[in-house]
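Colleague: Residue numbers (the UniProt record's numbering): 1 to 145. Even glycine gets a Cβ: it sits at the ideal position worked out from N, Cα and C.
#1: For the segment 48–64 and the segment 101–115, state whether three or more C-beta atom pairs, one from each stretch, are separated by less than 8 Å.
#2: Measure the CB-CB distance between residue 88 and residue 107 and report whether it falls below 8 Å.
#3: Identify, in the order they occur along the chain, each residue of the same chain with its Cβ nearer than 7 Å to the Cβ of residue 81, setting aside the five sequence neighbours on each side.
#4: Have a look at residue 143 and residue 137 and give me their C-alpha separation to the nearest angstrom.
#5: Apart from the five residues just before and just after residue 133, which ones in its own chain have a Cβ nearer than 7 Å to its Cβ?
#6: Is residue 73 near residue 52, with beta carbons less than 8 Å apart?
#7: Leaving aside the five residues before and after residue 126 along the sequence, list all residues of the same chain whose C-beta is less than 6 Å from its C-beta, in chain order.
#8: Taking the alpha carbon of residue 124 as the reference point, which residue from 94, 96 and 84 has its own alpha carbon closest?
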């Protein structure tokens, strides 16, 4: 927001020094700020979870979409809910990409930060039926942890 406002102010300053071939167009700071402001509202936790579960549950998801979705989700400052992780693991299985499934579990442990001893076991407990159903081993079972 501040960057957009500063950008508009620079444009106004530049526009105030007309050259021979330049018409003087002074954009309004209000218009610039409105154009560059985000129009998205705040999403509830339930809507956020549903959006990601729906994204990873698409039957026609490909490898690139899976990786992009996981990278975007992991970029947020949170540990995904178990139901989102289940949807990711099911997408990995549909694509026969067990390496990505294990990598997701490693990232979940890493995202847990200093509370990994509390959060990661809880997540594993919640997703264990899915891991068993899909035949996915945890990094600890593979000797990677």
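Modeller: In this structure, then:
#1: no
#2: no
#3: 49
#4: 10 Å
#5: none
#6: yes
#7: 82
#8: 84
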